Every structure is written in C-alpha cells, then in structure tokens.
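Student: Last residue of the sequence shown: number 206 in the working numbering, and the count goes up by one each step with no gaps. All C-beta atoms, glycine included, are put in the ideal place defined by N, C-alpha and C. Here the structure is a predicted model, which is why all the values come from computation and not from measurement.
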Amino acid sequence: MIKISPSILSSDYSILGDELKRMQDCGADMLHIDVMDGHFVPNITLGAPIVRCIRKCSTLPFDVHLMISDPYKYVPDFVKAGSDIITFHVEADSDVEKTVELINSLGVKAGLAVKPKTPVEEVYPYLDKLAMVLVMTVEPGFGGQSFMADMMPKVAAVKAEIERRGLDVDIQVDGGINGTTIIEAAKAGANVFVAGNAIFSSDDAAATIAGFKSKADV
Ligand code: DX5
Ligand code: ZN
C-alpha cells in the first residue's frame, strides 16, 4: 500500500500544529517527524515534549525517525508522547535487537534505517520483527538535498528479501523525493515515501500529494 509521509522538518515550526492539520487535510497518510540530537547527525530538531504537544493536532499516524545516538534510552519517551512507528538507525550506538524488542513490547511499530553508506543487509537479522525498513536516499541531517539514485539497488534487494521470507514489511525512502524521483523509488520497490521540501514548498500540497500517489502506483 502506497503511503505519503510529509516530513515536518520542512514545515513552519512557529505554526507546527496548523501545518500538521494542513497535511492531514491535503491527503497525507502519516506524518514524518525527524528527531535529531546534534550528535548522530550534525543538526538538532525536536524531542518528545513537542511530539506530545502536537499529538492533539492530528489523528494521522506519527512516523517518528530517530536520528539520535542512543535510541534505546529515549524510545519510552517517544512512545508515551504518541508515536505510532518508531524508526531508528542500525548505525546508532544502542543494541539493535534490544531496541527493536523494546519498541515492539511497548505496542508501537518498529522501523530500522540505513544511511547511504551502510549495506541494507545489516537490517536482515531483524526483518522478522520490523514493520518498516527505511533506506535513506540522502545523508541524514538536513532537508532539501538531492536524491541518491544509487540507493535503488538497496531498495530492490531488501524488497526481494522481504518477499523471499513472505513478510509484510513496508519499505520507506527518505530524502530528495519529488515527482520524478518517486517513480524511480517506487519501481525499485519502495511503498512509503517521505517528502519534506517537495510538499511544503509546493503551492498546492494536496495536488502534490495526490500526484505522488498516482506516480508511485507503478
Ligand atoms: C533528512 C530527513 C528527511 C528530510 C527529507 O535527514 O530524515 O526526513 O526531512 O527532506 P526532503 O524531502 O526535503 O529531502
Ligand atoms: Zn526523516
């Protein structure tokens, strides 16, 4: 199932609640919340207290992308704040297995992400316990970067592995997704598309999201 997840990293944080409502009205399937600690990535965004506050502004699933060094420590806070899917990086310092199990034990869906230089095979040992794999299509840290088409073989490889095992795991791509790159990513096997700049800088976000959905239907 195709899902579009606008990244609020590109939103106007002074009116964050309104931006969330607007995305829901424009047809978003979930809301992508980028959490950066200034350590795992060279940028700082927001934490669980803000997620808790904006939870009341939307009924859409919160797709929380943790770009932090110690996800294990902070997972409970993000669950309590109202996350629906928590994705963390295989490159982070926390024990991956324990962190996946912690997320699942708290009744939230677990996602595992790989940075561009990390082989996607690193997620294979955990695939059976995941709801989603995130293949980063930019170096994490900032919005508005260019899509790395050379990540598509990773998307295709993990898609084949998921099918081989008969699993129901979403494949998300994040970074540089627009009306052109979404087609490439969908053809490779992705079904969940994060887009920040392309949606928030658009004059007509509803048309952009609708266009993405039809283009991703390959
Ligand atoms: C980057 C973030 C992305 C970012 C995508 O580290 O994980 O979610 O917001 O932004 P665009 O779509 O503008 O590349
Ligand atoms: Zn993200």
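Are the CB atoms of Asp162 and Thr125 within a distance shorter than 8 Å?
Tutor: A contact, by the Cβ cut-off of 8 Å.
Student: Pull up the CB-CB distance for Ile159 and Val143, whole angstroms please, since I reckon it's below 8 Å.
Tutor: Their Cβ separation, rounded to whole angstroms, is 6 Å, which keeps Ile159 and Val143 in contact under 8 Å.
Student: Where does Gln133 fall in DSSP's three states?
Tutor: In the structure shown, Gln133 sits in coil (DSSP, three-state: anything other than H, G, I, E or B).
Student: Shortest alpha-carbon distance to Leu54 belongs to which of Lys68, Ser(-2) and Ala101?
Tutor: For the residues Lys68, Ser(-2) and Ala101, the minimum Cα distance to Leu54 belongs to Ala101.
Student: The alpha helix (DSSP H) spanning Phe66 covers which residue range?
Tutor: From DSSP, the alpha helix (DSSP H) with Phe66 extends over Pro59 to Lys68.
Student: Out of Arg43, Leu155, Ile(-8) and Lys175, which one is the CA nearest neighbour of Met139?
Tutor: Of Arg43, Leu155, Ile(-8) and Lys175, the residue nearest in Cα terms is Lys175.
Student: If you draw a straight line from the C-alpha of Ile73 to the C-alpha of Val121, how long is it?
Tutor: Roughly 11 Å separates the two Cα atoms.
Student: For a test of your reading of the model: does the CB of Val39 fall under 7 Å from any non-hydrogen atom of the ligand ATP? Yes or no.
Tutor: Among the ligands modelled here, namely the ligand DX5 and the ligand ZN, the ligand ATP does not occur.
Student: Please go through the segment -8 to 55 and give each complete beta strand (DSSP E) segment of 3 or more residues, from N-terminal end onward.
Tutor: The segment -8 to 55 contains these whole beta strand (DSSP E) runs: 19 to 24 and 50 to 55.
Student: Can the beta-carbon of Phe76 be found closer than 8 Å to that of Pro104?
Tutor: No.
Student: Does the distance between the C-beta of Ser57 and the nearest non-hydrogen atom of the ligand DX5 fall short of 7 Å?
Tutor: The answer is no for Ser57.
Student: Where are the alpha helix (DSSP H) runs, 4 residues long or more, that stay fully inside the segment 76 to 104, in chain order?
Tutor: Counting whole runs of 4 or more residues, the segment 76 to 104 contains the alpha helix (DSSP H) stretches 84 to 93.
Student: Near Lys201, what residues of its chain come up, given a Cβ to Cβ distance below 8 Å and the 5 sequence neighbours on each side ignored?
Tutor: Closer than 8 Å at the Cβ level, and outside the excluded window around Lys201, lie Ile(-10), Ile(-8) and Gly15.
Student: Assign Asp138 to one of three DSSP states: helix, strand, or coil.
Tutor: Residue state, collapsed to three classes: helix.
Student: Using a Cβ-Cβ cutoff of less than 7 Å, which residues in the same chain neighbour Ile91 once the five nearest sequence positions on both sides are dropped?
Tutor: The residues are Val63, Ile74 and Ala98.
Student: Going by C-alpha distance, which of Arg153, Gly199 and Ala194 is nearest Thr169?
Tutor: Nearest of Arg153, Gly199 and Ala194 to Thr169, Cα basis: Gly199.
Student: Comparing C-alpha positions only, which one of Ser189, Gly26 and Gln12 sits nearest to His20?
Tutor: Closest option to His20, Cα to Cα, is Gln12.
Student: At what residues does the alpha helix (DSSP H) containing Ala176 begin and finish?
Tutor: Run containing Ala176: Thr169 to Ala176, per the alpha helix (DSSP H) assignment.
Student: Using 8 Å as the Cβ pair cut-off and three pairs as the minimum, do the segment 146 to 158 and the segment 30 to 44 touch?
Tutor: With a cut-off of 8 Å, the segment 30 to 44 and the segment 146 to 158 do not count as touching, because too few Cβ pairs lie within range.
Student: Going along the chain, which residues of its own chain have a beta-carbon closer than 8 Å to the beta-carbon of Pro107, five neighbours each way excluded?
Tutor: These residues qualify, in order along the chain: Lys142.
Student: Tell me which same chain residues have a C-beta within less than 6 Å of the C-beta of Gly26, skipping the five on either side of it?
Tutor: The residues are Ile32.
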